[in-house]
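Asker: Take any residue in the first sequence, count from 1 to its spot, add 1: that is its number in our numbering. Idealized CB from N, CA, C, for every residue including glycine. Note that the structure is predicted; figures quoted are calculated from it, not measured.
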Amino acid sequence: MLQQTRVQTVIEYYNRWMKKWPTIRHLSEASLEEVNEMWAGLGYYRRARFLSEGAKMIVAEGGGFPGTVSALRKVPGIGNYTAGAIASIAFKEVVPVVDGNVIRVLSRQKAISANPKDSLTVKKFWALAAQLVDPCRPGDFNQSLMELGAVICTPLNPDCKSCPVSAQCRALSMSKHDNSVLVTDFPTKVVKTKQRHDISSACVVEILETKDESEEKQPNSVFLLVKRPDEGLLAGLWEFPSIILKEEANLTTRRKATDSFLKKSFNLDPKKNCSIVLREDVGEFVHVFSHIRLKIHVELLILRLKGGTNDWFEKQDKGTITWKCVESNALSSMGLTSGVRKVM
DNA sequence: CATACGTGGAG
DNA sequence: TCTCCAAGTAT
Numbered sequence: 002m003l004q005q006t007r008v009q010t011v012i013e014y015y016n017r018w019m020k021k022w023p024t025i026r027h028l029s030e031a032s033l034e035e036v037n038e039m040w041a042g043l044g045y046y047r048r049a050r051f052l053s054e055g056a057k058m059i060v061a062e063g064g065g066f067p068g069t070v071s072a073l074r075k076v077p078g079i080g081n082y083t084a085g086a087i088a089s090i091a092f093k094e095v096v097p098v099v100d101g102n103v104i105r106v107l108s109r110q111k112a113i114s115a116n117p118k119d120s121l122t123v124k125k126f127w128a129l130a131a132q133l134v135d136p137c138r139p140g141d142f143n144q145s146l147m148e149l150g151a152v153i154c155t156p157l158n159p160d161c162k163s164c165p166v167s168a169q170c171r172a173l174s175m176s177k178h179d180n181s182v183l184v185t186d187f188p189t190k191v192v193k194t195k196q197r198h199d200i201s202s203a204c205v206v207e208i209l210e211t212k213d214e215s216e217e218k219q220p221n222s223v224f225l226l227v228k229r230p231d232e233g234l235l236a237g238l239w240e241f242p243s244i245i246l247k248e249e250a251n252l253t254t255r256r257k258a259t260d261s262f263l264k265k266s267f268n269l270d271p272k273k274n275c276s277i278v279l280r281e282d283v284g285e286f287v288h289v290f291s292h293i294r295l296k297i298h299v300e301l302l303i304l305r306l307k308g309g310t311n312d313w314f315e316k317q318d319k320g321t322i323t324w325k326c327v328e329s330n331a332l333s334s335m336g337l338t339s340g341v342r343k344v345m
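(1) Assign Cys170 to one of two classes, buried (16 or more other C-beta atoms within 10 Å of its C-beta) or exposed (fewer than that).
(2) By DSSP's criteria, Trp324 is part of a beta bridge. Which residues make up the other side?
(3) Output needed for Val106: all residues of its chain with C-beta closer than 8 Å, excluding positions within five of it in sequence on either side, in chain order.
(4) Around the C-beta of Cys204, are 16 or more other C-beta atoms found within 10 angstroms, so that it is buried, or is it exposed?
(5) Just to confirm the assignment: which complete beta strand (DSSP E) runs, minimum length 3, are found wholly within the region 229-289?
(6) Counting along the chain, where does the beta strand (DSSP E) carrying Asp199 start and finish?
(7) Decide yes or no for the touch test of the region 153-167 against the region 88-98: beta carbon pairs closer than 8 Å, at least 3 of them.
(8) Grab me the residues of Val278's own chain with a C-beta within less than 6 Å of its C-beta, minus the 5 sequence neighbours each way, in chain order.
(9) For Val184 versus Arg109, is the C-beta spacing smaller than 8 Å?
(10) From Asn251 to Asp282, what distance separates their C-alpha atoms?
(11) Cβ of Ile322 within 8 Å of Cβ of Ser266?
(12) Can you tell me the Cα-Cα spacing of Phe51 and Gly284, whole angstroms?
(13) Thinking just about the alpha-carbon of each residue, which of Lys124, Asn81, Trp40 is nearest to the one in Ile12?
(14) Alpha carbon to alpha carbon, how far is Arg342 from Glu35? Give it in angstroms, no decimals.
(15) Looking at C-alpha atoms only, which residue of Ser120, Leu129, Gly44, Ser89 is the closest neighbour of Gly140?
(16) How would you label Thr254, buried or exposed, when you count the other beta carbons within 10 angstroms and need 16 or more for buried?
(17) His298 lies in the beta strand (DSSP E); which residues open and close that run?
(18) Considering Cα atoms alone, identify which of Ile25, Ile200, Leu295 is closest to Lys61.
(19) Relative to the C-alpha of Ser120, which residue among Ile104, Asn274, Val134 is closest?
(20) Going by CA-CA distance only, name the one from Asp312, Cys275, Leu246 that's closest to Val299.
(21) Just to confirm my understanding: we take Ser333, look at its own chain, exclude 5 residues before and 5 after, and list those with CB closer than 6 Å. What are they?
(22) Let me make sure I understand the geometry here. Which of Gly68, Asn102, Ser53 has the alpha-carbon closest to that of Gly78?
(23) Quick check on the burial criterion: 16 or more other C-beta atoms within 10 angstroms. Buried or exposed for Val192?
(24) Our contact map puts Tyr45 next to Gln5 with C-beta atoms below 8 Å; I'd like the distance itself, whole angstroms only.
(25) Ala112 and Met175 - do their beta-carbons sit closer together than 8 Å?
(26) Under the rule that 16 or more other beta-carbon atoms within 10 Å means buried, what is Ser167, buried or exposed?
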């Protein structure tokens with residue numbers, strides 16, 4: 002959970018998670034569907050899948066929890082950093098860790114101006130950290146180094162006055178002798194690939210159900226959710242029916258595209274089997290992923306089925322698309338991605 | 001080796 | 001509003 006994610010963000014998820022699955026065996030018995038649900042909102046959802054797969058692997062092999070870096074590295078989702086962290090902190094193996102904090106601290110300490118993403122440079126950081134790690138308390142040492150980066154040797158305004166190792170910091174020393182050098186010049190900035198700009202149209206489809214024993218009650222309603230493909234962005238997660246537009250489009254054009262999608266995928270056709278109770282253009286917002294800037298147009302579409310829900314359910318093509326209908330209160334309590342929650 | 005892969009807090 | 005980046009990993 003902590004990979005690329007702040008502790009503050011993780012805490013709530015961690016506590017809920019550990020309550021639901023107190024042991025690795027419990028987790029190994031959970032479905033990916035449940036795991037995704039519990040992870041929803043945390044991001045980088047492959048981590049959840051790997052965690053699930055990792056738990057299954059460890060339980061299946063029956064050898065207990067892997068206790069060395071080399072054994073840990075075989076578990077999906079555990080890379081160099083996590084293996085080093087677990088091995089040193091939990092099992093006192095004398096191995097280093099290199100995360101974003103460590104890279105920042107070491108690149109300043111040694112005034113390393115090479116691209117910190119470059120694989121040769123990364124190796125250098127690992128070698129440096131390995132050389133430094135305290136053989137008596139590797140876990141404490143590693144956490145100290147990361148904490149130094151998190152609290153004092155911070156990205157923007159490092160507190161060099163409070164730094165316990167400022168005396169040996171090459172970046173600080175350089176900055177004192179050369180006005181053109183700043184401690185924050187290290188690590189050097191990496192040019193990142195620019196975000197793709199996508200445009201989509203999401204349609205919140207609410208289907209009114211008329212009860213047979215109609216006792217003047219409010220009709221129940223359900224919302225249509227679609228499961229995303231098992232690979233790629235937000236893999237296997239639920240969302241409101243949505244389509245990616247090739248270019249910016251006006252409401253009429255968007256509705257045409259949405260209608261076609263709803264007809265093809267769900268056999269929802271106002272000309273045949275349903276009537277539109279309400280259709281409203283809700284507005285738009287921008288949702289930002291790590292590598293995509295997605296503008297989402299949102300519509301609310303309230304329908305009433307002519308033949309009743311059961312008829313419609315049975316006529317669905319179960320093969321092409323995975324979908325489900327959920328009631329309003331189930332919807333608000335279910336795990337949804339951040340973007341889907343904004344749409345809602 | 002470069003890129004895909006979320007989300008949110010801080011300045 | 002924009003930039004930066006967080007206890008990274010897999011492909």
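Answerer: Based on what the coordinates show:
(1) buried
(2) Val227
(3) Leu146, Leu149, Gly150, Cys154
(4) buried
(5) 243-246, 275-289
(6) 197-210
(7) no
(8) Ile303, Arg305
(9) yes
(10) 11 Å
(11) yes
(12) 36 Å
(13) Trp40
(14) 18 Å
(15) Ser89
(16) exposed
(17) 293-306
(18) The amino acid at residue 61 is misidentified as Lys; the sequence shows Ala. If we check each option's Cα against that of Ala61, Ile25 comes out closest.
(19) Ile104
(20) Leu246
(21) none
(22) Ser53
(23) exposed
(24) 6 Å
(25) yes
(26) buried
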